[in-house]
Structure formats: C-alpha cells, structure tokens
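Numbering (our numbering), first residue to last: 2 to 130. Note that the Cβ used here is the ideal one computed from N, Cα and C, for glycine as well.
What follows is the structure, encoded as structure tokens:
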C-alpha cells in the first residue's frame, strides 16, 4: 500500500485556488472531489503520461480520512484490479491531477460562483443516472 499521494507541481496552486473559490474547507476535500470527478468521466489513465510529483503532498489518512476504503475501492473497480495493486496510487494521483485541471478550467469558464458550479455538476450527474 502507499503512504502519500503528491499532485503535480502545476496543481499545487490549482488546489489552493479551488479551495478558495469553492469554500468547502481544507484542500483534501477538493482533492477528493477532483479524484471522483475524474473517475466519473470513465477514462482510464495511461501511466506513461503521469506528470511530476512536485506539488501538494497528502498522507493517505489526510487525503481520504475515514473513507479510504471507498476511494480505494472506487479506483480499483474502475481499473478492474485488486485494492492492493501496485499501480493504484499512480492511478489515484493521475485522476486527482486530471480532476483538478478539469475543475479549475470549467469553473473559470462558467462565470458562476463555486456553490452554483458544484450544484450544477451534482444536478447534471443525478440527471444522467
């Protein structure tokens, strides 16, 4: 298993900007949203395209809190691998990086505040199901 996940260097600032714009609490909350948002899009990451790890560092306890089994499980099911698979932390890191970039780009392009942006994303996700 892993002990830490590090975002890319470019996303160190992005996670702070999203945290301030969305006003949901600490940065780990934004990283959780980024991970699950990226996973929800259905894309599987290519490990050869992984970005650097010079950004924000999260211990697994801080990143996932008491819900670690759920986040690990979601990612493992997405890739059809066991929860102890050696590449799982890399997939998580890549989905966080992708999710952060998607969220900041979409939020800034939307012209709405953080709450309305998230409410719209939730409504869109519920209506798809």
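Query	Result
Determine the closest residue to residue 14 out of 122, 57 and 40, with distance taken between C-alpha atoms.	57
In whole angstroms, what separates the C-alpha of residue 16 from that of residue 31?	7 Å
Name the residue from 37, 4 and 25 whose alpha carbon lies nearest to the alpha carbon of residue 75.	37
Buried or exposed, going by whether 16 or more other CB atoms sit within 10 Å of the CB of residue 136?	In the structure as shown, the chain begins at 2 and stops at 130. Residue 136 is therefore absent and cannot be evaluated.
Measure the beta-carbon distance from residue 45 to residue 80 and round it to whole angstroms, keeping in mind my assumption that it falls under 8 Å.	6 Å
For residue 9, name the three-state secondary structure that DSSP assigns.	coil
In or out: residue 83 buried (at least 16 other Cβ within 10 Å) or exposed?	exposed
Along the chain, where does the beta strand (DSSP E) that runs through residue 59 open and close?	58-60
Use the C-beta contact count for residue 130: other C-beta atoms within 10 angstroms, 16 or more gives buried, fewer gives exposed.	Only weak support exists for where residue 130 lies, its pLDDT of 46 falling under 50; the value from the coordinates is given anyway. Per the 10 Å Cβ criterion, exposed.
State the start and end residues of the unbroken alpha helix (DSSP H) segment that holds residue 28.	28-41
Considering Cα atoms alone, identify which of 116, 54 and 20 is closest to residue 94.	54
Using 10 angstroms around the beta-carbon of residue 1, count the other beta-carbons present and answer buried if the total reaches 16, otherwise exposed.	The requested residue 1 does not occur in the structure, where the chain is confined to residues 2 to 130.
For residue 102, which residues of its own chain have a beta-carbon under 6 Å away from its beta-carbon, when the five flanking residues on both sides are left out?	none
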